[in-house]
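Participant:
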Amino acid sequence: MEGLQITAPGAISTTEKKELFENSSSVKVKITKTLLIQEDFVTFCGDPRVNYPIIPGRVGIGKVIETSGDNAFGFERGMSVFVHPVTNCGKCFECAKGDFKHCANFNVAGKNVDGFLRDFVIAENDCVSLLPPSVSETEALFIDHVAVSDRVVDAINLQKGEHVVIVGGDVLGIILAQLIIYYQGVPILVDNNYKNLELAKNAGVYHTLFADNKIEKAVAELTGARLAGKVVYMTGANLNTDIALKLASNNATVCLAGFGSPNIRINFNTALLKQLNFNCVTNSFGRYDSAINILANKAIDTDVFMIKTIKSEQAIPVICDLGKNISYNACESMLVVENDKF
Ligand SMILES: [Zn+2]
3 MEGLQITAPG
13 AISTTEKKEL
23 FENSSSVKVK
33 ITKTLLIQED
43 FVTFCGDPRV
53 NYPIIPGRVG
63 IGKVIETSGD
73 NAFGFERGMS
83 VFVHPVTNCG
93 KCFECAKGDF
103 KHCANFNVAG
113 KNVDGFLRDF
123 VIAENDCVSL
133 LPPSVSETEA
143 LFIDHVAVSD
153 RVVDAINLQK
163 GEHVVIVGGD
173 VLGIILAQLI
183 IYYQGVPILV
193 DNNYKNLELA
203 KNAGVYHTLF
213 ADNKIEKAVA
223 ELTGARLAGK
233 VVYMTGANLN
243 TDIALKLASN
253 NATVCLAGFG
263 SPNIRINFNT
273 ALLKQLNFNC
283 VTNSFGRYDS
293 AINILANKAI
303 DTDVFMIKTI
313 KSEQAIPVIC
323 DLGKNISYNA
333 CESMLVVEND
343 KF
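Right, here's the structure in full:
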């Protein structure tokens, strides 16, 4: 396979590796489109948790070109597929018990295992999902975002008609808001960036609020003075966590959600006074088929996200350019690469 790898912070170059079928239950996939997310650019800038070199690219979709063994799980040449970006390690204590969703060391594409900015990948059958014709390639690029959002909906135990404050209007926050509407909740999206709020409105999110000193009053008005019993803080959005805590009611559930694990400070004084319950969602493990169904049901409008799209041969200079500054405008620190030659 050929692809691009980040050799050290700030350095990216072409790479070639030989990949072989290791067992009789794998497929070889030609990656047609790769989505780089903000976390890929964090890796490019230098992430102490990453062992370089690493191939970036959190999301990869493509077509099956070869299957191994007799047990092809229904996969056939030419089928469109999504290769899972997060898989369990298979080695830790939890994996040994069969408790895969609590794996202590998930394999995460572009972080601790190679991502999808390459021409081919060999993956085990159960780490690949078929894409139905009703899910377009553009929609499929957001499967991971929908899958993380689906886990958040569970983590906050969303009830019909319930208000959920989302602090952070990055692409993940806006997709989460759309999913909450789909499940008949009432999202209130908060950001300090007018562009992101506009984008959220275009995606059908009706309560969008600018995070200024009147925010508490505005949320109290919408929620009937009780503030929000469910608050989700988007870790990729770069807002102060005080906003999330301020908008939470007493005994509220506060979920920290995102693809990365940046250094975030939380004022536990407020948390203790309000008796808040915290939980975290940092990956999409096990939710890919559910996310594909949600997209097939047209619950999420992905057309609002205008993400720069380039050919793979242009990728090196564009990634270097985007990697200079991590942008907190939704869509700006993201890139779609159409794979041809590297
Ligand atoms: Zn494990």
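To convert, count from 1 in the sequence shown and add 2; that's the numbering used here. Quick reminder that beta carbons are idealized off the backbone N, C-alpha and C, glycines included. Note that this is a predicted model, so its numbers are computed, not measured.
When the Cα atoms are used, what is the spatial distance from V169 to L249?
Facilitator: The residue given as residue 169 occupies position 167 in the sequence shown. The residue given as residue 249 occupies position 247 in the sequence shown. Approximately 9 Å, taken between the alpha carbons.
Participant: Assuming P319 is part of the beta strand (DSSP E), what are its boundary residues?
Facilitator: Here the question's residue 319 lines up with position 317 in the sequence shown. Element bounds for P319: not the beta strand (DSSP E) but the alpha helix (DSSP H), 317 to 324.
Participant: With the cut-off set at 9 Å, would you say E24 and I124 are in Cβ contact?
Facilitator: Residue 24 sits at position 22 when you count from the first residue of the sequence shown. Residue 124 sits at position 122 when you count from the first residue of the sequence shown. A contact, by the Cβ cut-off of 9 Å.
Participant: Is N265 buried or exposed, if buried means 16 or more other CB atoms sit within 10 Å of its CB?
Facilitator: Residue mapping note: residue 265 aligns to position 263 of the sequence shown, counting from 1. N265 counts as exposed, since fewer than 16 other C-beta atoms from the protein chains shown sit within 10 angstroms of its C-beta.
Participant: As an exercise, report each continuous alpha helix (DSSP H) stretch of at least 4 residues that is fully enclosed by the region 219 to 305, in chain order.
Facilitator: 243 to 249, 270 to 276, 290 to 298
Participant: By Cβ distance, which residues of its chain are closer than 6 Å to E141, with the 5 residues on each side in sequence left out?
Facilitator: What you label residue 141 is simply residue 139 of the sequence shown in a count that begins at 1. L297, T304, listed in sequence order.
Participant: Is the number of C-beta pairs between the region 286 to 300 and the region 76 to 88 that are closer than 8 Å three or more?
Facilitator: yes
Participant: Is A254 near ligand 1, judged by its Cβ being under 8 Å from some heavy atom?
Facilitator: Here residue 254 corresponds to residue number 252 of the sequence shown, with the count starting at 1. Because no heavy atom of ligand 1 lies under 8 Å away, the Cβ of A254 does not count as near it: no.
Participant: Taking only heavy atoms of ligand 1 into account, decide whether any of them is closer than 8 Å to the Cβ of C129.
Facilitator: Position 127 of the sequence shown, counted from the first residue, corresponds to residue 129. Result no, Cβ not under 8 Å from ligand 1.
Participant: Let me make sure I understand the geometry here. Which of A13, V83, I217, L37 has the alpha-carbon closest to that of M308?
Facilitator: What you label residue 308 is simply residue 306 of the sequence shown in a count that begins at 1. Ranking the options by Cα distance to M308, first place goes to L37.
Participant: Could you check what DSSP says for E24 in three-state terms: helix, strand or coil?
Facilitator: Here residue 24 corresponds to residue number 22 of the sequence shown, with the count starting at 1. Coil, per DSSP.
Participant: Strictly by DSSP, which residues pair up with P189?
Facilitator: Translated into positions along the sequence shown, residue 189 becomes position 187. Partner(s): V166.
Participant: Does chain B have any CB closer than 9 Å to the CB of A239?
Facilitator: You won't find chain B in this structure, because it holds only one protein chain.
Participant: Grab the span of the beta strand (DSSP E) containing V85 for me, first residue to last.
Facilitator: Here residue 85 is taken as the residue at index 83 of the sequence shown, counted from 1. Residues 82 to 85.
Participant: So, with DSSP's three-state summary, where would you put I145?
Facilitator: Looking up residue 145 in the sequence shown gives position 143. Looking at I145 - three-state DSSP - the assignment turns out to be helix.
Participant: Look at V61 and L143 and say whether their C-beta atoms are less than 9 Å apart.
Facilitator: Here residue 61 corresponds to residue number 59 of the sequence shown, with the count starting at 1. Here residue 143 corresponds to residue number 141 of the sequence shown, with the count starting at 1. Against a cut-off of 9 Å, the Cβ pair of L143 and V61 comes out as a contact.
Participant: Assuming L119 and G48 are in contact, meaning their beta carbons sit under 8 Å apart, how far apart are those beta carbons, in whole angstroms?
Facilitator: Translated into the one-based positions of the sequence shown, residue 119 becomes position 117. Translated into the one-based positions of the sequence shown, residue 48 becomes position 46. Their Cβ separation, rounded to whole angstroms, is 18 Å, which puts L119 and G48 out of contact at 8 Å.
Participant: Cβ of N107 versus every heavy atom of ligand 1: is any distance shorter than 8 Å?
Facilitator: For the purposes of this step, residue 107 is taken as the residue at position 105 of the sequence shown. N107: yes, Cβ under 8 Å from ligand 1.
Participant: In angstroms with no decimal places, state the Cα-to-Cα distance between F95 and E139.
Facilitator: For this step, residue 95 is matched to residue 93 along the sequence shown. For this step, residue 139 is matched to residue 137 along the sequence shown. If you take the alpha carbons of F95 and E139, they lie about 37 Å apart.
Participant: So does F287 have its beta carbon nearer than 8 Å to some heavy atom of ligand 1?
Facilitator: Here residue 287 is taken as the residue at index 285 of the sequence shown, counted from 1. For ligand 1, not one heavy atom lies less than 8 Å from the Cβ of F287.
Participant: Would you kindly work out how many angstroms separate the C-alpha atoms of L258 and C282, rounded to a whole number?
Facilitator: Translated into positions along the sequence shown, residue 258 becomes position 256. Translated into positions along the sequence shown, residue 282 becomes position 280. If you take the alpha carbons of L258 and C282, they lie about 5 Å apart.
Participant: Would the C-beta of G92 count as close to ligand 1, meaning under 8 Å from any of its heavy atoms?
Facilitator: Translated into the one-based positions of the sequence shown, residue 92 becomes position 90. G92: yes, Cβ under 8 Å from ligand 1.
Participant: Indicate the three-state DSSP secondary structure (helix, strand or coil) for K32 in the structure shown.
Facilitator: Numbered from 1 along the sequence shown, position 30 holds the residue referred to as residue 32. Here K32 sits in strand by DSSP.
Participant: What residues are listed by DSSP as bridge partners for S15?
Facilitator: For this step, residue 15 is matched to residue 13 along the sequence shown. Per DSSP, Q7.
Participant: Apart from the five residues on each side of it in sequence, which residues of its chain come closer than 6 Å, Cβ to Cβ, to I268?
Facilitator: The residue labelled residue 268 in the question sits at position 266 within the sequence shown. Hits under 6 Å: T243.
Participant: Could you tell me whether any non-hydrogen atom of ligand 1 is closer than 8 Å to the CB of E340?
Facilitator: Numbered from 1 along the sequence shown, position 338 holds the residue referred to as residue 340. Flag unset: Cβ of E340 not near ligand 1.
Participant: Please state whether DSSP places L160 in a helix, a strand or coil.
Facilitator: Reading the sequence shown from its first residue, position 158 is the one you call residue 160. If DSSP states are grouped into helix, strand and coil, L160 belongs with coil.
Participant: Among S82, R228, E78, V338, which has the Cα closest to the Cα of F43?
Facilitator: Position 41 of the sequence shown, counting from 1, holds the residue named residue 43. Closest by alpha carbon: V338.
Participant: CB K32 to CB I67, shorter than 9 Å?
Facilitator: Reading the sequence shown from its first residue, position 30 is the one you call residue 32. Reading the sequence shown from its first residue, position 65 is the one you call residue 67. Cβ distance < 9 Å, so K32 and I67 count as in contact.
Participant: Does K99 come out as helix, strand or coil in the three-state DSSP assignment?
Facilitator: Residue 99 sits at position 97 when you count from the first residue of the sequence shown. K99: helix per DSSP, three-state reduction.
Participant: By Cβ distance, which residues of its chain are closer than 7 Å to S251, with the 5 residues on each side in sequence left out?
Facilitator: In the sequence shown, the residue the question calls residue 251 occupies position 249. Around S251: R228, L229, A230, G231.
Participant: Which residues does DSSP pair with V110 in a beta bridge?
Facilitator: Locating residue 110 in the sequence shown gives position 108, counting from the first residue. V110 is bridged to V88.
Participant: Do you know how far the Cα of I321 is from the Cα of V234?
Facilitator: Along the sequence shown, one-based indexing puts residue 234 at 232. Along the sequence shown, one-based indexing puts residue 321 at 319. Straight-line Cα distance between these residues: approximately 30 Å.
Participant: Does the Cβ of L275 have 16 or more other Cβ atoms within 10 Å, making it buried, or fewer, making it exposed?
Facilitator: To locate residue 275, count along the sequence shown from 1; it is residue 273. L275 comes out exposed.
Participant: Is the closest heavy atom of ligand 1 to the C-beta of C47 under 8 Å?
Facilitator: As a first step, residue 47 is located in the sequence shown; it is residue number 45 there, counting from the start. Not so, every heavy atom of ligand 1 lies at least 8 Å from the Cβ.
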